[in-house]
Structure formats: C-alpha cells, structure tokens
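K.L.:
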Ligand SMILES: C[S@@+](CC[C@H](N)C(=O)[O-])C[C@H]1O[C@@H](n2cnc3c(N)ncnc32)[C@H](O)[C@@H]1O
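In the numbering used here, the protein residues as written are 193 to 611.
#1: Spell out a yes or no on whether the segment 345 to 363 and the segment 250 to 261 are touching, meaning 3 or more CB-CB pairs, one atom from each, closer than 8 Å.
#2: Around the C-beta of residue 453, are 16 or more other C-beta atoms found within 10 angstroms, so that it is buried, or is it exposed?
#3: Could you say which of 543, 561, 306, 318 lies nearest to residue 504 if we only look at CA atoms?
#4: Do residue 418 and residue 401 come within 9 Å of each other at the CB atom, strictly closer than that value?
#5: Using DSSP's beta-bridge definition, name the partner residues of residue 257.
#6: Indicate the three-state DSSP secondary structure (helix, strand or coil) for residue 560 in the structure shown.
#7: So residue 258 and residue 322 are supposed to be a Cβ contact under 8 Å. How far apart are they, rounded?
#8: Once DSSP output is grouped into helix, strand and coil, what is the label at residue 344?
#9: Looking at the unbroken beta strand (DSSP E) that takes in residue 484, where does it start and where does it end?
#10: Which residue from 476, 330, 539, 215 puts its Cα closest to that of residue 423?
#11: If we ignore side chains and look at the alpha-carbon of each, how far apart do residue 304 and residue 334 end up?
#12: Mind listing which residues have their beta carbon within less than 5 Å of any non-hydrogen atom of ligand 1? Chain order is fine.
#13: What is the DSSP secondary structure of residue 294, counted as helix, strand or coil?
#14: Looking only at DSSP bridge pairs, what is residue 339 linked to?
#15: In whole angstroms, what separates the C-alpha of residue 351 from that of residue 564?
#16: List, from N- to C-terminal side, the alpha helix (DSSP H) runs of 4 residues or more that fit wholly inside the segment 471 to 541.
#17: Tell me which residue opens and which closes the alpha helix (DSSP H) that residue 320 is part of.
#18: Could you tell me the boundaries of the beta strand (DSSP E) in which residue 221 lies?
#19: Taking 8 Å as the limit between beta carbons, can you name the residues of its chain near residue 483, skipping five residues before and five after?
#20: What are the boundary residues of the beta strand (DSSP E) that residue 354 is part of?
#21: For residue 536, which residues from the same chain have a beta carbon less than 6 Å from its beta carbon, with the 5 sequence-adjacent residues on both sides left out?
#22: Using C-beta distances below 7 Å, list every residue in its chain close to residue 389, excluding the 5 sequence neighbours before and after it, in chain order.
#23: Would residue 240 and residue 226 qualify as a contact pair, given that the criterion is a beta-carbon distance under 9 Å?
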C-alpha cells in the first residue's frame, strides 16, 4: 500500500499547548530548528515533515499535540462535512486491519448543537471510505491509543488534522502519585524553562507537593527528552507508512544528548508529599538527582552558590475563595517565605507561581519580572525575585545565637505591587 502521508513531504503542522504557554512552546520549536509561521495563545503553526514530527513529539516539553494538517475547507453542515472527509484516501492513512481509530473534535459553529455530532460524522466518513475500498471496517472508539484524527470547526472553517501525538504530550506518565493541587507537567516545564535552569545552577524547590517542578527540572537539567518516558507510544506509530527504523534512529540521537546536572534540593512539610514526589521521581528515572527532605520550608538546607548561581522554584498554596482564617494562615506562610528568601538564598533567583496577588504581596520583595500563566483556568503570576549576594544568616541551632546578615543580603526593598 502506497502511504498517503510521506515521511519527507513538507506540510503544515499545528502544535497546540495550554493557554499562556505559546511563548515557551515557540522558543522550544525554534530551538529544534523550525521557523514559526504563526503563533496564537494556545499554539503555533510551522512547516515541517512527518520525520520532524517524530522528533517534535519526543522533545517538546510544553506542547499538547503535534497536529498534521490534512485538509482545510469551508463547511456549513454535517452532510457537507461527511462528503468532504469521505473524499480523502483514508485507506492509505489509517490501518483497517488491527487498527483502532479515534476522532476528536472542537467545534463552534451554528450547525453543531451536540458536541458528539462532528466526531461521529468524521468517524463515519473515514470508516465508510475505508470499507468501500478495502471491504474491512476499522475498529473505532474514544481511547486515543491508535490513529487519531482531529477536527477543528469554527464558523464555516474546517481544519482536519492527523494527530501525530495521540494522548497529550503533557501527560508524561510519571505522576503515579498526585498530591495537593499538582501542576500540569507542561506548565511546570515552562516555569523551569523561564527560570533559565540548565543543570549547572544550584536548584531548590521548597513546598514541592508531588514534585512536578523538581522532576521537570531534573529532566531539563539532564537534557532528557520527555517523550523517552512515554509508555504506549505516539499516534504516528499507528499510521500507514510509519517507519520504525527512522524512529529508532531519532530516539537514539535524542537519548545521546543527556548529561548530569547538580543535585536538586526538594522539601515539603507533609510526609505524604515527600513520598509522592520521591515515587514520581523514581518513575521518571530522576530520583537519584534529587535530595528529598520532609521539613518546613524555612528549614531547607540551601546550598551555597558558585558563579553559576542558584534557582529557587516554588508554587505555594493559594486559593480563590479563602475563608479569613485560611487567608491569614497563607499570608503568614508567604511572609515567612519572603524572609526565607532574604535570609537563606543570597545569590539565588527565585521564581514563585501564585494565583493570588494579595498573598504575593506578603512576600515583601519587589518582583523583577512578572509573567502571566494559567494553572488550569486560574490566571496566575510567575514572579521573579533577584536575591543579591551578601553574608548569609546562620542556621539557627538550638541554644545558639543567630547572627544577623551584614549589609542587605537578598533583598530589594519591599514591594507594593506584585500583581
Ligand atoms: C500547591 S502545593 C505544590 C504543588 C506542586 N507544585 C506540584 O506540582 O505537585 C503546595 C505544597 O506546599 C506544602 N506546604 C505548605 N506549607 C508548607 C510549609 N510551611 N513548609 C513546607 N511545605 C509546605 C504543602 O504540603 C503542599 O504540598
């Protein structure tokens, strides 16, 4: 069978991501050698080949899906959609025997009132085309673990894609033990990338929860592509024309880029969080790069920094509708955290993600950079604090005097605006 999707034929790809992550995705895609054709809040468009898509799927940390654009056309109703989709040579794209097809759609158009309707129309058109040519009906269902076709239908404009990823790339598969309010892996990766961490700096992650920031940092610091962790493979492996030898070659090339980062220090006050973080890091194969301690963040043993500097990554709790008592307790935590940064982290740059600007002000430091990110649907700020070198306050020992820092280590003056 002559495959319809050629490995080296240039095509347009739409790479999707969570709202707010497009700048990070754009930088990643450029670093892999691609020009950006256009960018929007939830993704970028590039010209590439299916061979490139093998690598993009393995390497991208902030993406959801790498979508191969198969067709784009105007469409006004379901019958027209069925006819246009049925015109394509699906018998040369989707395996009929032993294959499994999933259709996913996003639609906002007057003729769609039932969200299942466009997916059903597309699935029927594909299955009917294949049956008419080959006399075999391919199996289909919702699991996205075989071939996946994606439809975007907005107004009268349809874009039809072959999804080369399948399951979201952001679902790395290592987080077997979630804890309180875990960050999505792609958001955690975007925070690490924003911090400039490359494995050479000291890295500290207090209030680690299930360890997502530290694990993504360990993967980035060790140059390990996230797709190498993926169980169950990618959807492009279920297309007619998939070349396992090419994929093996690209995998080998990508895995050869690994290096050893410095030790990452991770703490949380909750023993269950530390258990979850350790377990997840073991699943991701990076536990040996991380030092786990169960303690209040203020007791974190912060390594002294050399000229490479140090980075603190933190995502403290916050809430949208807090009771007065909860708000006061969290305000105290943020306030103490600001003191911790000033006293224990000179020479570091701290990156704090929070969805509550009132709490952010309690840190008592002026943010040198602010970036808007979305944790799920909650608008958050990623705040950067530059903590200047000075003499470090000595760790408090029982019965020992505590010396005050000389000069003004770690501090820019108190802020009034952390928003
Ligand atoms: C929002 S969660 C962090 C989630 C994490 N980013 C993830 O992806 O899983 C906040 C964490 O801060 C921890 N925490 C709260 N107060 C703390 C304190 N005083 N010292 C250390 N950890 C604390 C909680 O136990 C919780 O695990």
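Beta carbons are placed, not taken as given, at the ideal position from N, Cα and C, and that holds for glycine.
P.N.:
To lay it out plainly:
#1: Segment contact: the segment 345 to 363 against the segment 250 to 261, three or more CB-CB distances shorter than 8 Å; contact assigned.
#2: Stepping through the chain shown from its first residue, residue 453 is reached at position 261. Within a 10 Å sphere around the beta-carbon of residue 453 sit 16 or more other beta-carbons, which makes this residue buried.
#3: Here residue 504 refers to the residue found at position 312 of the chain shown. The shortest C-alpha separation from residue 504 is found at 543.
#4: Translated into the one-based positions of the chain shown, residue 401 becomes position 209. Translated into the one-based positions of the chain shown, residue 418 becomes position 226. One thing to note: residue 401 has its Cβ no nearer than 9 Å to the Cβ of residue 418.
#5: As a working note, residue 257 is residue 65 in the chain shown. In DSSP, residue 257 forms a bridge with 208.
#6: Start at 1 with the first residue of the chain shown, and residue 560 comes out as number 368. Coil at residue 560, not helix or strand.
#7: Reading the chain shown from its first residue, position 66 is the one you call residue 258. Reading the chain shown from its first residue, position 130 is the one you call residue 322. 24 Å between Cβ atoms; not a contact.
#8: In the chain shown, counting from the first residue as 1, residue 344 sits at position 152. When secondary structure is reduced to three states using DSSP, residue 344 falls in the strand class.
#9: Taking the chain shown and counting its residues from 1, one reaches residue 484 at position 292. 482 to 486 is the span of the beta strand (DSSP E), which, as asked, contains residue 484.
#10: Against the chain shown, residue 423 aligns to sequence position 231. Ranking 476, 330, 539, 215 by CA distance to the CA of residue 423 puts 476 first.
#11: Here residue 304 is taken as the residue at index 112 of the chain shown, counted from 1. Here residue 334 is taken as the residue at index 142 of the chain shown, counted from 1. Rounded to whole angstroms, residue 304 to residue 334 spans 19 Å at the Cα level.
#12: Those residues having their beta-carbon less than 5 Å away from any non-hydrogen atom of ligand 1 are, in chain order, 372, 373, 374, 375, 399, 401, 402, 404, 460, 461, 462, 465, 488, 489, 507, 509.
#13: Translated into the one-based positions of the chain shown, residue 294 becomes position 102. In the structure shown, residue 294 falls within a strand segment according to DSSP collapsed to helix, strand and coil.
#14: Reading the chain shown from its first residue, position 147 is the one you call residue 339. The bridge partners DSSP lists for residue 339 are 293.
#15: Counting from one through the chain shown, the residue named residue 351 turns up at place 159. Counting from one through the chain shown, the residue named residue 564 turns up at place 372. Straight-line spacing of the CA atoms in residue 351 and residue 564 works out to 29 Å.
#16: Taken in chain order, the unbroken stretches of alpha helix (DSSP H) that lie wholly in the segment 471 to 541 and span 4 residues or more are 516 to 536.
#17: As a position in the chain shown, residue 320 is number 128, starting the count at 1. Its alpha helix (DSSP H) spans residues 309 to 326.
#18: Here residue 221 refers to the residue found at position 29 of the chain shown. Run containing residue 221: none in the beta strand (DSSP E); it sits in the alpha helix (DSSP H), 214 to 223.
#19: Within the chain shown, residue 483 is the residue found at index 291, counting from 1. Hits under 8 Å: 455, 456, 457, 458.
#20: Position 162 of the chain shown, counting from 1, holds the residue named residue 354. 349 to 355 is the span of the beta strand (DSSP E), which, as asked, contains residue 354.
#21: Locating residue 536 in the chain shown gives position 344, counting from the first residue. These residues qualify, in order along the chain: 494.
#22: Your numbering for residue 389 matches position 197 in the chain shown. Annotation for residue 389: 395, 409, 412, 413, 503 place their beta carbon closer than 7 Å to its own, counting only its chain and skipping 5 residues before and after.
#23: Against the chain shown, residue 240 aligns to sequence position 48. Against the chain shown, residue 226 aligns to sequence position 34. Less than 9 Å divides the Cβ of residue 240 from the Cβ of residue 226.
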